[in-house]
Amino acid sequence: MPKPVVPEEKRRRRRPTKGGTVLSEELIVETALRLLREHGSAGLTARRLGLALDADPSTLYRYFRGMDDLTLAIGDALIGQALRGWRPTGQWRADLTEVGLRIHAAYVAHPQAALLTANRVTGRANELAADEAVLDVLRTAGFPLDETVRIYHAFIDQTLAFAALDAASLALPSASQRADEDMWRSTYARLPRATHPRIAEAAPLLATRMVTSAYPTALEMLLDSAQARLRPV
Numbered sequence: 026m027p028k029p030v031v032p033e034e035k036r037r038r039r040r041p042t043k044g045g046t047v048l049s050e051e052l053i054v055e056t057a058l059r060l061l062r063e064h065g066s067a068g069l070t071a072r073r074l075g076l077a078l079d080a081d082p083s084t085l086y087r088y089f090r091g092m093d094d095l096t097l098a099i100g101d102a103l104i105g106q107a108l109r110g111w112r113p114t115g116q117w118r119a120d121l122t123e124v125g126l127r128i129h130a131a132y133v134a135h136p137q138a139a140l141l142t143a144n145r146v147t148g149r150a151n152e153l154a155a156d157e158a159v160l161d162v163l164r165t166a167g168f169p170l171d172e173t174v175r176i177y178h179a180f181i182d183q184t185l186a187f188a189a190l191d192a193a194s195l196a197l198p199s200a201s202q203r204a205d206e207d208m209w210r211s212t213y214a215r216l217p218r219a220t221h222p223r224i225a226e227a228a229p230l231l232a233t234r235m236v237t238s239a240y241p242t243a244l245e246m247l248l249d250s251a252q253a254r255l256r257p258v
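Each residue of the sequence shown is one higher than the one before, counting from 26 in the working numbering.
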């Protein structure tokens, strides 16, 4: 059975670590993000975190019930970074565009963390705030409840799916990234029209577009569909 997390007020009274570090949930998450960036998910262990924080690994369990609980906190922190400073303007389409692009950017800025957390449901404060904001934007725009939930579902899943896909590419070794990108020029662009007429026709555009994220286009198409279904008030 996991140990209970120590209440926040009791954590604050704890003495600094032997290296003088005052631990907090935020500091642990920031350190975990750094370890993920440097070592990938295999490098995120309680032992390595303890070393990075100059603290006994067991101290982490005063803040999190286990490494999975920390994983959820990391995912929630990415959402918090995405929405920091965002305020709705009352223009539903512009607001959802900005929220989607912010969330996608926050995840791809931390590819290893994105791969670890994009498919998780944290139930934490930042995730709840983001969900509430998206639902409110849609309801305020005049979408009925069933359509609101339908669009919300597609919006969130599409955003996180593209974040995971793009993060997976960014998490590849540099040589593999270059090889994948070059494939559009070295292979696709050289296919003969006699055998692959449509690829040959589209090859110049494919070489340009396929090395960038399709998320902005997919988001625009989703919002086009939603707007077409919005009944005039």
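Quick reminder that beta carbons are idealized off the backbone N, C-alpha and C, glycines included. None of the values given here were measured: they were computed from a predicted structure.
Cβ separation of residue i and residue j, assumed to be a contact under 8 Å, to the nearest whole Å
i: residue 247; j: residue 187; result: Not a contact, Cβ separation roughly 11 Å.
i: residue 261; j: residue 103; result: The structure shown has nothing for residue 261, since the chain only spans 26 to 258.
i: residue 96; j: residue 145; result: 7 Å
i: residue 184; j: residue 128; result: 5 Å
i: residue 46; j: residue 78; result: 6 Å
i: residue 238; j: residue 191; result: 5 Å
i: residue 222; j: residue 126; result: Rounded, the Cβ-Cβ distance is 35 Å, inconsistent with contact.
Distance CB(residue i)-CB(residue j) smaller than 9 Å
i: residue 140; j: residue 193; result: yes
i: residue 106; j: residue 67; result: no
i: residue 227; j: residue 217; result: no
i: residue 100; j: residue 152; result: yes
i: residue 256; j: residue 167; result: yes
i: residue 113; j: residue 161; result: yes
i: residue 132; j: residue 159; result: no
i: residue 89; j: residue 51; result: no
i: residue 214; j: residue 229; result: yes
i: residue 163; j: residue 231; result: no
i: residue 154; j: residue 195; result: no
i: residue 80; j: residue 48; result: yes
Residue from the options with nearest C-alpha to residue i
i: residue 165; options: 189, 241, 117, 214; result: 117
i: residue 61; options: 137, 49, 96; result: 137
i: residue 148; options: 199, 94, 221; result: 94
i: residue 20; options: 128, 169, 242, 142; result: In the structure as shown, the chain begins at 26 and stops at 258. Residue 20 is therefore absent and cannot be evaluated.
i: residue 289; options: 211, 223, 119; result: Shown here, the chain extends from 26 to 258; a query on residue 289 therefore has no answer.
i: residue 63; options: 197, 211, 209; result: 197
i: residue 233; options: 123, 205, 254, 87; result: 205
i: residue 235; options: 250, 203, 169, 56; result: 203
i: residue 245; options: 124, 91, 65; result: 124
i: residue 254; options: 200, 207, 175; result: 175
N- and C-terminal bounds of the alpha helix (DSSP H) containing residue i
i: residue 61; result: 50-64
i: residue 69; result: Where residue 69 is concerned, there is no enclosing alpha helix (DSSP H), given that its DSSP letter is neither H nor E.
i: residue 117; result: 117-133
i: residue 105; result: 92-108
i: residue 255; result: Segment: none, residue 255 is in no alpha helix (DSSP H) and carries neither H nor E.
i: residue 153; result: 150-166
i: residue 208; result: 199-211
i: residue 194; result: 170-195
i: residue 229; result: 222-234
i: residue 138; result: 136-142
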